[in-house]
Amino acid sequence: FKTKMINQSFYSYLLSILHLLLIIHSTCSNDELTTSLKSESTRTHWINMIFGSLVSMLIGILISSYINHYQLRDIKITFQSSKEELLNMYSRDIESRKSKEVKGLSNFIPLTPYKYVYIDETTSPIIAEDLIIQAKRTKKFTIVFHGDILSKELFIEIELIQKFQSIITRIEIFKNSTPVYDRIKQLLSVIIDASNTIQTWGDINKNLFHYKDYGFFIYDKLQTVRLIDIRQDFKLWYNATFSHSTNCGQIIDFIDIDGPLCSCSHRPYKSSTDTWSLWKAISYTFDENIYKTNSNIHECLAITKISKVIEEKWTGKQTLD
Numbered sequence: 001f002k003t004k005m006i007n008q009s010f011y012s013y014l015l016s017i018l019h020l021l022l023i024i025h026s027t028c029s030n031d032e033l034t035t036s037l038k039s040e041s042t043r044t045h046w047i048n049m050i051f052g053s054l055v056s057m058l059i060g061i062l063i064s065s066y067i068n069h070y071q072l073r074d075i076k077i078t079f080q081s082s083k084e085e086l087l088n089m090y091s092r093d094i095e096s097r098k099s100k101e102v103k104g105l106s107n108f109i110p111l112t113p114y115k116y117v118y119i120d121e122t123t124s125p126i127i128a129e130d131l132i133i134q135a136k137r138t139k140k141f142t143i144v145f146h147g148d149i150l151s152k153e154l155f156i157e158i159e160l161i162q163k164f165q166s167i168i169t170r171i172e173i174f175k176n177s178t179p180v181y182d183r184i185k186q187l188l189s190v191i192i193d194a195s196n197t198i199q200t201w202g203d204i205n206k207n208l209f210h211y212k213d214y215g216f217f218i219y220d221k222l223q224t225v226r227l228i229d230i231r232q233d234f235k236l237w238y239n240a241t242f243s244h245s246t247n248c249g250q251i252i253d254f255i256d257i258d259g260p261l262c263s264c265s266h267r268p269y270k271s272s273t274d275t276w277s278l279w280k281a282i283s284y285t286f287d288e289n290i291y292k293t294n295s296n297i298h299e300c301l302a303i304t305k306i307s308k309v310i311e312e313k314w315t316g317k318q319t320l321d
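Residue numbers (the numbering used here): 1 to 321.
In structure tokens, the structure reads:
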């Protein structure tokens, strides 16, 4: 970069010399003409000088613009390369730390046994009818939305929370009218009922936008259901159960919040506006990993497990027993 700056100064110096030479040449030419041709006017002399100055200035501007263009291009390339390298280093650091955290965690353990049922457009209506019967016997459900918006592969995962065994059903969202289509709509209608309670992790309404075109979800009816955002309740329970250490800079006698002065290793978030991820909630509370099997099958069960802990006001010791 310094070399380019020197080159630019050198070019400017050459342009200045060129400018002076043009003026001298113009002046000498005019003097000769004036001597040999007494009829040459002073006005023509000044026009030639001004013309020469303008030409040299124009050439200087063009060369300077050319130099600046390539210098800026090189600077942008250098900056972009540095930015990409920093991002790559940051990503590798995050993955490295996450890998170390995961290695020390045990497999996720649900509070109750469960049965798993997968439903797509090829599923027999009889399977969906059996789920409808079970849904009518259930009053509390946990719902999680999954999918890739770009590929339009959308899923709804629902846990039917029952006393001795939960039922996890993963429903693939599709538009084709198949024999099971109406049964799925009926199943969701039974679940999304004003008499039921539905647990979520975060605001469920934010996830519904991409599902509206499929006809399965009755948006207006969902507004009548008792929705519980377990993530909000968990944050309050966790902060009250796992307080700041006595030597923590964030500790305040009358309130226990997350903040930038916190040095507690058991409090991963350092802002009162931060929201817990489900993975961290399970790992920090139970020392368990819900993604150990590279599957999200345990997300509903994890939310239900946390909800029970909050409802029964478990202590920190109970979570690890």
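Using N, Cα and C, we set each Cβ at its ideal position, and we do this for glycine too.
Here the structure is a predicted model, which is why all the values come from computation and not from measurement.
Q. When the Cα atoms are used, what is the spatial distance from residue 306 to residue 156?
A. Here residue 306 refers to the residue found at position 306 when the sequence shown is read from its first residue. Here residue 156 refers to the residue found at position 156 when the sequence shown is read from its first residue. Using only the alpha carbons, I get a separation of about 20 Å.
(Q) Given this structure, state the Cα-to-Cα distance separating residue 98 from residue 146, to the nearest angstrom. (A) Numbered from its first residue, the sequence shown carries residue 98 at position 98. Numbered from its first residue, the sequence shown carries residue 146 at position 146. Model confidence at residue 98 stands at a pLDDT of 46, short of 50, so the residue's coordinates are unreliable; what they give is reported in the following sentence. The straight-line gap from Cα to Cα measures roughly 22 Å.
(Q) Using the three-state DSSP reduction, which class does residue 229 fall into: helix, strand or coil? (A) Within the sequence shown, residue 229 is the residue found at index 229, counting from 1. Correct three-state label for residue 229: strand.
Q | Nearest-angstrom Cα separation, counted from residue 192 out to residue 100 | A | For the purposes of this step, residue 100 is identified with residue 100 of the sequence shown, where counting begins at 1. For the purposes of this step, residue 192 is identified with residue 192 of the sequence shown, where counting begins at 1. Note that residue 100 scores 42 on pLDDT, short of 50, meaning its location in the model is unreliable and no value can be drawn from it.
Q. So, helix, strand or coil for residue 105, using DSSP?
A. Here residue 105 corresponds to residue number 105 of the sequence shown, with the count starting at 1. Residue state, collapsed to three classes: coil.
Q. If you compare alpha carbons, which of 196, 237, 248, 202 is closest to residue 224?
A. Numbered from 1 along the sequence shown, position 224 holds the residue referred to as residue 224. When each option's Cα is compared against that of residue 224, the closest is 196.
Q. Leaving out the 5 sequence neighbours to the left and right, which residues in its chain are closer than 8 Å to residue 247 when beta-carbon positions are compared?
A. To locate residue 247, count along the sequence shown from 1; it is residue 247. Cβ within range, chain order: 263.
(Q) Given this structure, state the Cα-to-Cα distance separating residue 317 from residue 116, to the nearest angstrom. (A) As a position in the sequence shown, residue 317 is number 317, starting the count at 1. As a position in the sequence shown, residue 116 is number 116, starting the count at 1. So the two alpha carbons sit approximately 31 Å from each other.
Q) Would DSSP call residue 302 helix, strand or coil? A) Walking along the sequence shown from the start, residue 302 turns up at place 302. Residue state, collapsed to three classes: helix.
(Q) Only counting the same chain, and skipping five residues up and downstream in sequence, which positions put a Cβ closer than 6 Å to that of residue 124? (A) By one-based count along the sequence shown, residue 124 stands at place 124. The answer is none, since no qualifying residue turns up.
Q: For the beta strand (DSSP E) holding residue 114, just list the boundary residues, first then last.
A: Taking the sequence shown and counting its residues from 1, the one referred to as residue 114 is at position 114. 114 to 119 is the extent of the beta strand (DSSP E) around residue 114.
Q: Provide the residue(s) that pair with residue 144 in DSSP beta bridges, ordered along the chain.
A: Residue mapping note: residue 144 aligns to position 144 of the sequence shown, counting from 1. Answer is 157.
(Q) Can you confirm whether the stretch 221 to 241 touches the stretch 178 to 186 when touching is taken to mean that 3 or more C-beta pairs between the two stretches lie within less than 8 Å? (A) no
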